[in-house]
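So the structure is just underneath, and the comments pick up after that.
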Amino acid sequence: MSASLALVIVMAVMFAAGVYVMLERSLTRVLIGFLLVGNATNLLVFIMSGRAGTSPIVTGTAADANMVDPVPQVLMLTAIVINFGITALLVALIYRSWWLAQLGDEGDTVTDEHAAETTASTEESFRSVSEDEAAITAALDASEREDVAGVGDGGGGR
Amino acid sequence: MNFLVPLVVTIPLLGAAVTLALGGRRAPQIVVSVLALGMVAVISVLLLVQVDRSGPAVVHVGGWEAPWGIVLVVDRLSAIMLLISALILLGVLLFAVGQGILDGDRDTPVSIFHPTYLVLAAGVFNAFIAGDLFNLYVGFEMLLSASYVLLTLGGTGARIRVGVTYIVVSLTSSLLFLSAIALIFGATGTVTLALIADRVAELPADVQLILNLLLLLAFCVKAAVFPLSFWLPDSYPTAPAPVTAVFAGLLTKVGIYAIIRTQTLLFPDSPLSVPLMVVAFLTLLVGILGALAQADIKRLLSFTLVSHIGYMVFGIAMGTQLAFGATIYYVVHHITVQTALFLCAGLIERVGGTTSLARLGGLLKAAPLVALLFFLGALNLGGIPPFSGFLGKFALFQAGTVAGDPLTFVLIAAGAATSLLTLYALARVWNMAFWRSTDEVEGYESPMLDRLLADPEDEGSVRTRTISPLMTGATAVLLALTVALTVFAGPVFGLTSRAAANIADPATYIDAVFPDGAP
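This is the structure:
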């Protein structure tokens, strides 16, 4: 089996950098390290399919001999999906740990620092609605008065 | 009957989907989970009977023959592991239900607990029936992702802190495992276990050794073998009691199962017997010495868990058929008794309000039933005749004397010492938590007590709550199971010996997957 040297070097660099960053204390760096090492491992799986070749579709001709092995790509896809899911969970945990470090267990009961703005904007939106309603009522009243006035006039004319 | 094999994974997964859809409705969720695990237990019994009678059950998923498709294999070892884990998962689920009903689920958000628990179960079962390395990896990932969620339930500070450590350690071992799979694929051109077993012998000895070491390294982290066990005593005790119990009982044993499977099938002539012996020796002694120094029951039990993994590694290291039979029996015994003891710790936490030995006392009067359950479990784990712990250790030591190597005699001595020290550690728990009266505790002075007095809201101190009959019932049933392992030791040993005969001869496994010879 032969493999692309460029991919091997990229993989090695990613492994080295990933392990180095993973050993930091900061959780965000641990996450970045995990992403690097995870993708380096995916590359390793990918390298196992050997040199680039034709797409793995069996045609029954001589070209099939140059076909690339599709199995590592399948394995890699599954590994990518698993890594993605775990990364999402890890991000959530890191956010939670940051939240707890900043605010402690009381953090869950702290009111929103933008509470005043939120209330104001809510009132604003309600105010515009109530203004609209007032305008509509006024317009309806006005037209009704006109109608009443018109009916009165017409009655007078008959 | 082979159609039953995939059901052990699909039923819990379907159950997880249904319980997730049921959301916060507690009663239907409980019914679905109990039903799902109950069905798997019944299927496991049927599979065990079938496999024992007529050889391994092999399923080629989707009709694609191995090695092109995914293959599921259940031999005697897999069937035994399936049955015992289904029973344990069911028992712990009932305990959790009993606890949840009383608490109104303050610590375990019920809408998340059941689906995650069932995914964990599906992952464990998937690892046991996997016929190829990659499916084994997927099984591991399923159970690990579920365990990440279960360990950090509620998102309290302590759980998040240990949860992140646990996740990073598990991820590293998973990536090692994946690298090993990639290299094995590169070397042999397949991930199907039976075909690797057929081809790996043709590789140069040093390549075989590297592949073997990589796999062992990944599995030893999961099985918590010293020195790769440092993460376990920190992470397990912070989780809710039922979660800790199921982690302690099952997750490390899935690692042990993977080691047994790969060592016997892929590398039967492994030169790593002596290093494994040394590691087993260190695991036994360092683990139990750690347990002696603990002041918290859950941490103490976690250290005994690490220590007793050493017995199983010892059995694997010997590598004889007799040793494998004893190891399988020991695995079954240890899963049951360790889970039961952690459930007892959960009961103690509810009665005494803490698991800290410095603050417990007089529990014998307060909760005689819990005292009885803990006493039975402690004697069993410590290896007092006639309990199954004694039988398992005796069988291991017997296999060791038959092997007759000087190193095995050292291991036997270490094993006997560990057994006694386990008894000492657990007797200390018994004396302090159950036997001494509360008057003696009041005068007890220690920095830990001062700290707890100064800050009663500290971790590990919860207010005393009542115990539901379901919780004691579930614990009692698991302990009854360990007693049954003693009473029916003859038939069980017959079964594990036949399973050992299976795995000691890889040809049985390979022929079952490739009846017409390997391609």
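Residue numbers (my numbering), protein chains in the order written: chain A, 8 to 165; chain B, 1337 to 1855.
Where a beta carbon is used, it is the ideal one built from N, C-alpha and C, also for glycine.
Exposure of residue i, with buried meaning 16 or more beta-carbon neighbours within 10 Å
i       : result
B:I1596 : buried
B:G1467 : buried
B:D1441 : Low confidence applies to B:D1441: its pLDDT is 49, below 50, so where it sits in the model is not reliable enough to give any reading.
A:S150  : exposed
B:F1472 : Looking at the sequence provided, one finds Leu at residue 1472 of chain B rather than Phe. Label assigned to B:L1472: buried.
B:G1779 : Low confidence applies here, because B:G1779 scores a pLDDT of 46, under 50, leaving its location unreliable; read the following figure in that light. So B:G1779 ends up on the exposed side.
A:N2    : For chain A, the structure presents residues 8 to 165; residue 2 of chain A sits outside this window and is missing.
B:R1635 : buried
B:W1766 : buried
B:K1701 : exposed
A:Y102  : exposed
B:R1686 : buried
B:R1695 : buried
A:L30   : exposed
B:I1730 : In the sequence on display, residue 1730 of chain B carries Phe and not Ile. Exposed, by the Cβ-count rule.
A:V65   : exposed
B:P1563 : exposed
B:T1574 : buried
A:D139  : exposed
A:F22   : buried
B:G1796 : Here B:G1796 scores only 47 on pLDDT, less than 50, and its place in the model is too uncertain to base an answer on.
B:L1732 : buried
Residue closest to residue i, alpha-carbon to alpha-carbon, out of the options
i       : options                            : result
B:G1436 : B:S1833, B:S1724, B:G1682, B:R1412 : B:G1682
B:V1505 : B:P1540, B:V1345, B:P1827, B:S1483 : B:S1483
A:G57   : A:D76, A:A95, A:A156, A:G25        : A:D76
B:S1571 : B:L1486, B:A1523, B:I1420, B:L1700 : B:L1486
B:G1499 : A:V20, A:L97, A:S33                : A:L97
B:L1547 : B:Q1599, B:I1503, B:G1591          : B:Q1599
B:V1378 : B:I1416, B:F1617, B:V1561, B:D1411 : B:I1416
B:N1338 : B:R1764, B:V1527, B:V1410, B:G1475 : B:V1410
B:L1620 : B:S1606, B:T1640, B:P1607          : B:T1640
B:A1749 : B:L1618, B:L1531, B:L1699          : B:L1618
A:V20   : A:D139, A:L43, A:E138              : A:L43
B:L1413 : B:P1611, B:I1592, B:L1539, B:A1402 : B:I1592
B:R1495 : B:A1516, B:V1561, B:A1577          : B:A1577
B:S1638 : B:F1660, B:V1561, B:G1689          : B:V1561
B:A1537 : B:F1603, B:A1402, B:F1521, B:G1809 : B:F1603
B:P1611 : B:G1830, B:G1853, B:G1809, B:L1545 : B:L1545
B:A1402 : B:L1531, B:S1369, B:A1653          : B:L1531
B:G1725 : B:A1533, B:H1670, B:L1408          : B:H1670
B:S1515 : B:F1566, B:A1372, B:L1550          : B:L1550
A:M83   : A:T61, A:G45, A:W106               : A:G45
B:A1457 : B:A1848, B:F1850, B:A1372, B:T1690 : B:A1372
A:G25   : A:F41, A:S33, A:I89, A:T35         : A:F41
Contact test: residue i Cβ vs the ligand ZN heavy atom, cutoff 7 Å
i     : result
A:I64 : For the structure depicted, the ligand ZN is absent and the ligand set is empty, with no information on it obtainable.
Original post:
Are the stretch 1705-1724 of chain B and the stretch 1662-1679 of chain B in contact at 8 Å, needing three or more beta carbon pairs?
Top reply: Segments in contact, yes.
Original post:
Relative to chain A, which residues along the stretch 1488-1499 of chain B have a C-beta separation below 8 Å, given in chain order?
Top reply: Of all residues in the stretch 1488-1499 of chain B, T1488, G1491, T1492, G1493, I1496, R1497, G1499 have a Cβ within less than 8 Å of some Cβ in chain A.
**OP:** Count the C-beta pairs between the stretch 1639-1655 of chain B and the stretch 1695-1711 of chain B that are closer than 8 Å, then say yes if the count reaches three, no if not.
**Re:** With a cut-off of 8 Å on Cβ pairs, the stretch 1639-1655 of chain B is not in contact with the stretch 1695-1711 of chain B, counting fewer than three such pairs.
Subject >> Cβ pair count under 8 Å reaching 3, the stretch 1579-1588 of chain B against the stretch 1479-1486 of chain B >> reply: When Cβ pairs closer than 8 Å are counted between the two stretches, the stretch 1579-1588 of chain B is seen to touch the stretch 1479-1486 of chain B, the count reaching three or more.
**OP:** Could you tell me whether the stretch 1626-1638 of chain B touches the stretch 1550-1559 of chain B, where touching means 3 or more Cβ pairs closer than 8 Å?
**Re:** Cβ pair count under 8 Å is below three, so no.
Original post:
How about the stretch 1819-1836 of chain B and the stretch 1657-1665 of chain B: do they share at least three Cβ pairs that are nearer than 8 Å?
Top reply: Yes, the stretch 1819-1836 of chain B is in contact with the stretch 1657-1665 of chain B.
Original post:
At a cut of 8 Å, does the stretch 1354-1372 of chain B reach the stretch 1445-1461 of chain B through at least three beta carbon pairs?
Top reply: The stretch 1354-1372 of chain B, when compared against the stretch 1445-1461 of chain B, does touch it at the 8 Å Cβ threshold.
**OP:** Check whether the stretch 47-67 of chain A touches the stretch 8-16 of chain A, taking contact to mean three or more Cβ pairs, one atom from each stretch, closer than 8 Å.
**Re:** Cβ pair count under 8 Å is three or more, so yes.
Original post:
Should the stretch 1842-1851 of chain B be regarded as contacting the stretch 1731-1744 of chain B, the criterion being three or more beta carbon pairs within less than 8 Å?
Top reply: By the Cβ test, the stretch 1842-1851 of chain B is not in contact with the stretch 1731-1744 of chain B, since fewer than three Cβ pairs between them sit closer than 8 Å.
Subject >> Residues, ordered as in the chain, of the stretch 89-109 of chain A that lie near chain B by beta-carbon distance below 7 Å >> reply: Contact annotation: in the stretch 89-109 of chain A, residues whose CB is within less than 7 Å of a CB in chain B are I89, G92, I93, L96, L97, L100, R103, S104, L107.
**OP:** Check each residue of the stretch 34-54 of chain A: if its Cβ is closer than 7 Å to any Cβ of chain B, include it; give the result in chain order.
**Re:** Along the stretch 34-54 of chain A, going in chain order, the ones with a CB nearer than 7 Å to a CB of chain B are L34, V37, F41, V44, G45, T48, L51, V52.
**OP:** Determine contact between the stretch 1719-1728 of chain B and the stretch 1751-1769 of chain B, defined as no fewer than three beta-carbon pairs at a distance below 8 Å.
**Re:** Yes, they touch.
Original post:
Mind listing which residues of the stretch 1459-1471 of chain B have their C-beta closer than 7 Å to chain A's C-betas, in chain order?
Top reply: For the stretch 1459-1471 of chain B, the set of positions with a beta-carbon nearer than 7 Å to some beta-carbon of chain A reads F1470 in chain order.
**OP:** Let me know the beta strand (DSSP E) ranges lying completely inside the stretch 1400-1482 of chain B, each 3 residues or longer, listed in chain order.
**Re:** Counting only runs of 3 or more, we get 1407-1410.
**OP:** Check whether the stretch 1384-1403 of chain B touches the stretch 1803-1822 of chain B, counting contact only when three or more Cβ pairs, one atom from each stretch, lie closer than 8 Å.
**Re:** Taking 8 Å as the limit for Cβ pairs, the verdict is that the stretch 1803-1822 of chain B does not touch the stretch 1384-1403 of chain B.
Original post:
When you check each C-beta in the stretch 1382-1401 of chain B against every C-beta of chain A, which residues fall closer than 9 Å?
Top reply: When CB distances to chain A are screened at a threshold of 9 Å, not a single residue of the stretch 1382-1401 of chain B falls below it.
**OP:** Could you tell me which uninterrupted alpha helix (DSSP H) segments, each at least 4 residues in length, are contained entirely in the stretch 1563-1648 of chain B, listed from first to last along the chain?
**Re:** Runs found: 1568-1571, 1577-1582, 1588-1601, 1609-1628.
Original post:
Name the residues in the stretch 1679-1708 of chain B whose C-beta lies less than 7 Å from a C-beta of chain A; which are they?
Top reply: For the stretch 1679-1708 of chain B, there are no residues whose beta carbon sits under 7 Å from a beta carbon of chain A.
**OP:** At 3 residues or longer, and completely inside the stretch 75-117 of chain A: list those beta strand (DSSP E) runs for me, N to C.
**Re:** For the stretch 75-117 of chain A, not a single whole beta strand (DSSP E) run of length 3 or above is found.
Original post:
Curious, which full-length beta strand (DSSP E) runs of at least 3 residues does the stretch 1491-1525 of chain B contain?
Top reply: As far as the stretch 1491-1525 of chain B is concerned, it has no whole beta strand (DSSP E) run of at least 3 residues.
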